[in-house]
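Accompanying notes for the structure given below.
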Amino acid sequence: MIAGLPLDTASLLAIAAALGWASGLRLYAVVFLTGIAGWLGWVDLPSGLKLLQSPLMLGASGLMLVVEFFADKIPGIDTLWDLIHTVVRIPAGAALAAAVFGADQSSWAMAAALMGGTLAATSHVAKAATRAALNTSPEPFSNLAMSLLGDSVVPASLWLSWAHPMVFFAVLAVAVVLMIVLIWVLAKFLRGLARRVSGLFATARPSA
């Protein structure tokens, strides 16, 4: 929805889902872009999200957005960054989704929190597994391409959830199915890679 237009329940759910799902990819981009959109008057943020448009929050999230942008472009560092943010992105995605409904709609807020946390976990695991698999390749271009794709997907999904919530739900459903399949495929690949690496170490270990 654009500024000045009312937000119905479907729109609020779309925004909550987008905040949760995108937080698993780029948490600080989600916080900054949502806050700056509210601060510039492009959208009317729900009361629970108005904190994001405060100058202090914009400055902090903007700084972390820059740090994450560059950390996500460096092979190895990106995987470490994802590992550290496993304990940050998922609860943050749940909290942002719940804040869409605020304290006055506790039942909807709880449902949104569960949805947001689940979507954040799905996108985070899919992203982390993909980047870990790409880091096994010596060429840097696929890693960079995936990072830039994530940079573009987040603002696109946030805009779509506000402007065309029903379209966003359809796109999100396809994305979640693809991510679940990707997690399953990459989990098998990474387990096989771990077994091969452990086998090499066992072979290289000198006998007693």
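Following the working numbering, the residues of the sequence shown are numbered contiguously, the last one being 199.
We put the CB at the ideal spot given by N, CA and C, even for glycine.
- Query: Ends of the alpha helix (DSSP H) at residue 69?
  - Reply: For residue 69, the uninterrupted alpha helix (DSSP H) run begins and ends at 68 to 75, by DSSP.
- Task: List the whole-angstrom C-beta distance separating residue 88 from residue 11, where the pair is believed to meet the contact cut-off of C-beta under 8 Å.
- Result: With 8 Å as the limit, residue 88 and residue 11 qualify as a contact, their Cβ atoms being about 4 Å apart.
- Item | 8 Å contact criterion, which residue 26 and residue 44 should meet: CB distance rounded | With 8 Å as the limit, residue 26 and residue 44 qualify as a contact, their Cβ atoms being about 5 Å apart.
- Indicate the three-state DSSP secondary structure (helix, strand or coil) for residue 142 in the structure shown. The answer is helix: DSSP assigns residue 142 an H, G or I state.
- Item | C-alpha distance - residue 134 paired with residue 167, whole-angstrom precision | Roughly 21 Å separates the two Cα atoms.
- Message: Please list the terminal residues of the continuous alpha helix (DSSP H) segment that includes residue 26.
- Response: Residue 26: member of the alpha helix (DSSP H) spanning 0 to 30, first to last residue.
- Message: Can you tell me where the alpha helix (DSSP H) holding residue 46 begins and where it ends?
- Response: Residues 46 to 62.
- Query: Under a three-way DSSP split, which group does residue 155 fall into?
  - Reply: In this structure, residue 155 counts as coil in the three-state DSSP scheme.
- In terms of alpha-carbon separation, which member of 143, 6, 120 and 155 lies closest to residue 179? Here the closest residue by C-alpha is 120.
- Query: Anyone know if the C-beta pair for residue 117 and residue 54 falls short of 7 Å?
  - Reply: No, the pair does not count as a contact, with Cβ atoms beyond the cut-off.
- Query: Counting Cβ pairs closer than 8 Å, one from the stretch 78 to 92 and one from the stretch 30 to 41, do we hit at least three?
  - Reply: In short, these stretches touch, since the Cβ pair count reaches three.
- Item | Length of the line joining the Cα atoms of residue 161 and residue 72 | When rounded, the distance between both Cα atoms is 30 Å.
- Cβ-based burial, residue -1 [other Cβ within 10 Å; buried from 16]: Within 10 angstroms of the beta-carbon of residue -1 lie fewer than 16 other beta-carbons, which makes it exposed.
- Message: Can you give me the C-alpha to C-alpha distance between residue -8 and residue 75, rounded to a whole angstrom?
- Response: With a pLDDT of only 44 at residue -8, under the threshold of 50, the placement of this residue in the model should not be trusted, and no figure is reported.
- Message: My output table needs one value for residue 98: the three-state DSSP class, helix, strand or coil.
- Response: In the structure shown, residue 98 sits in a helix (DSSP, three-state: H, G or I).
- Task: Give the C-beta separation of residue 7 and residue 106 to the nearest angstrom, bearing in mind that I take them to be a contact with Cβ-Cβ under 8 Å.
- Result: At roughly 7 Å, the Cβ-Cβ gap stays under 8 Å, so residue 7 and residue 106 are in contact.
- Is it right to say residue 199 is buried, meaning 16 or more other beta carbons lie within 10 angstroms of its own, or is it exposed? Reliability of the predicted coordinates at residue 199 is poor, the pLDDT of 46 falling under 50, and the value obtained from them is presented with this limitation in mind. Here residue 199 is exposed. Its C-beta has fewer than 16 other C-beta atoms within 10 Å.
- Simplified DSSP assignment, three categories, for residue 109: In the displayed model, residue 109 falls within a helix according to three-state DSSP.
- Query: What is the rounded straight-line gap between the Cα of residue 30 and the Cα of residue 69?
  - Reply: Straight-line Cα distance between these residues: approximately 30 Å.
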